[in-house]
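Q: Once you've had a glance at the structure underneath, I'll fire off some questions.
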Amino acid sequence: MSSQLAPLAGRAAIVTGSGRGLGLAYALELARQGASVVVNDVDAAAAQDAVAAIESAGGTAVAVVAPVGPTSTADALVAAAVDSFGRLDILVTNAGVLRDTVLWKMSDDDFDTVISVHLRGTFTCVRAAATYFRENGVPGRIVCIGSPTGQRGNFGQTNYAAAKAGIVGMVRTWAMELKRAGVSVNAVIPVAATAMTATVPYFAAAVEADAAGEPMPEFFRHDLGFGTSDDVAGLVAYLASDAAADITGQALGIGGDRIQVWSHPEPVATAYRDGGWSFEALAADLPGLLDGNLQSVGERFPALPESLVRPAPTA
Ligand SMILES: NC(=O)c1ccc[n+]([C@@H]2O[C@H](COP(=O)([O-])OP(=O)(O)OC[C@H]3O[C@@H](n4cnc5c(N)ncnc54)[C@H](O)[C@@H]3O)[C@@H](O)[C@H]2O)c1
């Protein structure tokens with residue numbers, strides 16, 4: 001597995017939240033491409049199982065069981081890479097939780113928990129890794145995990161939308177700040193069948209097929225770009241490789257058979273008025289500027305083919 005010909009041979013990676021789901025797939029793929037991996041999770045058994053899975057496939061891994069969010073965890077992750085493997089080259093910030101509910105029912109704790117793990121966890125881990133990369137002259141690779149919810153908004157996900165949009169905002173900033181150091185920073189916007197998506201009725205037929213070890217229906221893999229965690233992992237490893245040295249500041253969507261380049265926000269219409277825009281001037285001219293330029297929000301979910309509709313679970 002760690003032959004000298006492997007693209008990531010001799011490199012060391014940290015993957016947060018890699019005890020299961022997408023993070024586990026990223027850790028396994030980075031190891032398959034030759035990297036040694038620091039597995040991180042709050043679930044000790046899942047983290048140990050992940051290390052065992054990597055080792056039984058011929059790779060090298062250690063576990064750090066700690067919650068991302070606090071600076072102390074970020075420092076412990078970098079220290080584990082340096083102590084165990086003598087270096088750090090790759091960071092994937094993937095750990096995540098959901099506390100979904102509509103705005104008017106969302107508690108302070110729901111909001112703070114999601115912000116702490118996703119947004120603060122990404123900030124503290126990237127700061128620790130970037131500091132190491134700059135101090136040691138390492139052209140590091142950073143991959144931060146976003147979500148279609150952060151890109152487009154989603155009903156019931158105020159906290160998660162804030163965190164994931166914030167992560168892509170930080171990625172754009174870090175790509176600028178770390179360019180001179182030769183460190184790339186990109187966002188991956190995944191969609192896959194995991195514990196996180198298993199309870200969404202819309203995806204039920206795909207999750208059902210996956211659990212039965214059958215291929216997911218073409219509608220999910222192709223039309224929706226929804227597949228397995230393994231479908232996402234290749235892109236994360238590719239962005240960590242030398243082949244992707246010049247790719248930075250990007251947000252790439254991936255899932256099933258689909259890959260996409262996301263745009264960053266740009267003005268879609270611009271107008272000028274000498275002296276600026278008073279209420280009266282806006283009343284006269286803004287409708288014309290907005291005409292044909294109003295933006296949509298939310299992800300687009302096409303109607304499921306009849307054969308793939310599953311009843312919503314009763315509470
Ligand atoms: N599954 C999808 O379709 C999808 C879509 C968009 C984005 N994502 C993102 O991908 C990432 C992984 O999602 P998943 O679907 O694999 O979820 P998952 O729930 O299957 O796995 C998340 C892992 O993170 C761990 N974790 C939770 N809090 C942690 C913390 N504070 N510190 C360390 N580990 C922690 C969990 O124990 C779990 O093992 C998340 O950031 C998620 O928001 C997933």
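Numbering (full-length UniProt numbering), first residue to last: 1 to 315.
The beta carbon of each residue, even a glycine, is placed where N, CA and C say it ideally should be.
Source: prediction; values computed, not measured.
Under the DSSP definition of a beta bridge, which residues are partnered with G255?
A: As a first step, residue 255 is located in the sequence shown; it is residue number 255 there, counting from the start. Paired residue(s): R258.
Q: Grouping DSSP H, G and I as helix and E and B as strand, with all else coil, what is P267?
A: As a first step, residue 267 is located in the sequence shown; it is residue number 267 there, counting from the start. Here P267 sits in coil by DSSP.
Q: Give the list of continuous beta strand (DSSP E) stretches no shorter than 3 residues that lie fully inside the segment 25-106.
A: Entirely contained in the segment 25-106, the beta strand (DSSP E) runs reaching 3 residues are, in chain order, 36-41, 61-65, 90-93.
Q: Would you check whether ligand 1 has a heavy atom nearer than 7 angstroms to the C-beta of S72?
A: Stepping through the sequence shown from its first residue, residue 72 is reached at position 72. No.
Q: State buried or exposed for L224, treating a residue as buried only when at least 16 other CB atoms are found within 10 Å of its CB.
A: Here residue 224 is taken as the residue at index 224 of the sequence shown, counted from 1. Classification of L224: buried, given that the 10 Å Cβ count is 16 or more.
Q: According to DSSP, is S184 part of a helix, a strand, or is it coil?
A: Along the sequence shown, read from residue 1 onward, the residue named residue 184 stands at position 184. Reduced to three states, the DSSP call for S184 is strand.
Q: Please report the distance separating the alpha-carbon of G275 from that of M170.
A: Working through the sequence shown from its first residue, we reach residue 275 at position 275. Working through the sequence shown from its first residue, we reach residue 170 at position 170. Approximately 34 angstroms, taken between the alpha carbons.
Q: Let's test the definition: count the other Cβ atoms within 10 Å of the Cβ of E29 and tell me whether it reaches 16, buried, or not, exposed.
A: Stepping through the sequence shown from its first residue, residue 29 is reached at position 29. It is buried - the Cβ of E29 has at least 16 other Cβ atoms within 10 Å.
Q: Could you tell me the boundaries of the alpha helix (DSSP H) in which R221 lies?
A: Within the sequence shown, the letter at position 221 stands for residue 221. Taken as a continuous stretch (DSSP letters only), R221 belongs to no alpha helix (DSSP H), as it is neither H nor E.
Q: Return no unless some Cβ of chain D is closer than 8 angstroms to the Cβ of A47.
A: Of the protein chains in the structure, only one exists, and it is not chain D.
Q: Spell out the partners DSSP gives C144 in its beta bridges.
A: Against the sequence shown, residue 144 aligns to sequence position 144. For C144, which the question treats as bridged, DSSP gives the partners T93, A187.
Q: In chain order, what residues of the same chain lie with their CB nearer than 6 angstroms to the CB of G69, ignoring the 5 residues before and after it?
A: The sequence position of residue 69 within the sequence shown is 69, counting from 1. These residues qualify, in order along the chain: S116, V117, R120, G121.
Q: Check each candidate in Q33, S18, R20 and name the one with the smallest Cα separation from G10.
A: Locating residue 10 in the sequence shown gives position 10, counting from the first residue. That would be Q33, whose Cα lies nearest to the Cα of G10.
Q: Any heavy atom of ligand 1 closer than 7 angstroms to the Cβ of N40?
A: Locating residue 40 in the sequence shown gives position 40, where the first residue counts as 1. Answer for N40: yes, Cβ within range of ligand 1.
Q: Per DSSP, which residues does I14 bridge with? Please list them.
A: Position 14 of the sequence shown holds residue 14. According to DSSP, I14 bridges with V38, L91.
Q: Nearest-angstrom Cα distance between A212 and D109?
A: If you number the sequence shown from 1, residue 212 lands on position 212. If you number the sequence shown from 1, residue 109 lands on position 109. So the alpha carbons of these two residues sit roughly 36 angstroms apart.
Q: Check each candidate in A31, A27, R310, P148 and name the one with the smallest Cα separation from A206.
A: Residue 206 sits at position 206 when you count from the first residue of the sequence shown. For the residues A31, A27, R310, P148, the minimum Cα distance to A206 belongs to R310.
Q: Taking the Cβ atom as the reference point for each residue, do S241 and L22 lie within a distance shorter than 8 angstroms?
A: In the sequence shown, the residue the question calls residue 241 occupies position 241. In the sequence shown, the residue the question calls residue 22 occupies position 22. In this structure, L22 does not lie closer than 8 angstroms to S241 by Cβ.
Q: Whose C-beta lies closer than 7 angstroms to the C-beta of L178 among residues of the same chain, with five residues either side of it excluded?
A: For the purposes of this step, residue 178 is taken as residue 178 along the sequence shown, with counting starting at 1. The answer, listed in chain order, is A130, V185.
Q: Return helix, strand or coil for S3, following the three-state DSSP convention.
A: What you label residue 3 is simply residue 3 of the sequence shown in a count that begins at 1. With a pLDDT of only 48 at S3, under the threshold of 50, the placement of this residue in the model should not be trusted; the figure read from the coordinates follows. Three-state DSSP puts S3 in coil, outside helix and strand.
Q: Tell me the residue span of the alpha helix (DSSP H) that contains L290.
A: Here residue 290 refers to the residue found at position 290 when the sequence shown is read from its first residue. 279-290 is the span of the alpha helix (DSSP H), which, as asked, contains L290.
Q: Would you kindly work out how many angstroms separate the C-alpha atoms of K164 and A283, rounded to a whole number?
A: Position 164 of the sequence shown, counted from the start, is the residue given in the question as residue 164. Position 283 of the sequence shown, counted from the start, is the residue given in the question as residue 283. Distance between the alpha carbons of K164 and A283 is about 35 angstroms.
Q: When the Cα of V38 is compared with those of A25, V62, A233, A52, which residue comes out closest?
A: Sequence index remark: in the sequence shown, residue 38 carries index 38 (1-based). Comparing Cα-Cα distances from V38 to each of A25, V62, A233, A52, the minimum goes to V62.
Q: Would you call the segment 138-148 and the segment 80-92 touching, i.e. three or more CB-CB distances under 8 angstroms?
A: Enough Cβ pairs lie closer than 8 angstroms, so yes.
Q: Report the three-state DSSP secondary structure of G153 (helix, strand or coil).
A: Position 153 of the sequence shown holds residue 153. In the structure shown, G153 sits in coil (DSSP, three-state: anything other than H, G, I, E or B).
Q: Report all residues from its chain with a CB closer than 7 angstroms to the CB of V97; omit the five preceding and five following residues, and keep chain order.
A: Taking the first residue of the sequence shown as position 1, residue 97 is located at position 97. The answer, listed in chain order, is T113, V114, V117.
Q: Please report the straight-line C-alpha distance between G256 and A271, rounded to a whole angstrom.
A: Counting from one through the sequence shown, the residue named residue 256 turns up at place 256. Counting from one through the sequence shown, the residue named residue 271 turns up at place 271. One C-alpha to the other measures close to 41 angstroms.
Q: Using the Cα positions of W277 and A269, report the straight-line distance between them to the nearest angstrom.
A: As a first step, residue 277 is located in the sequence shown; it is residue number 277 there, counting from the start. As a first step, residue 269 is located in the sequence shown; it is residue number 269 there, counting from the start. Using only the alpha carbons, I get a separation of about 15 angstroms.
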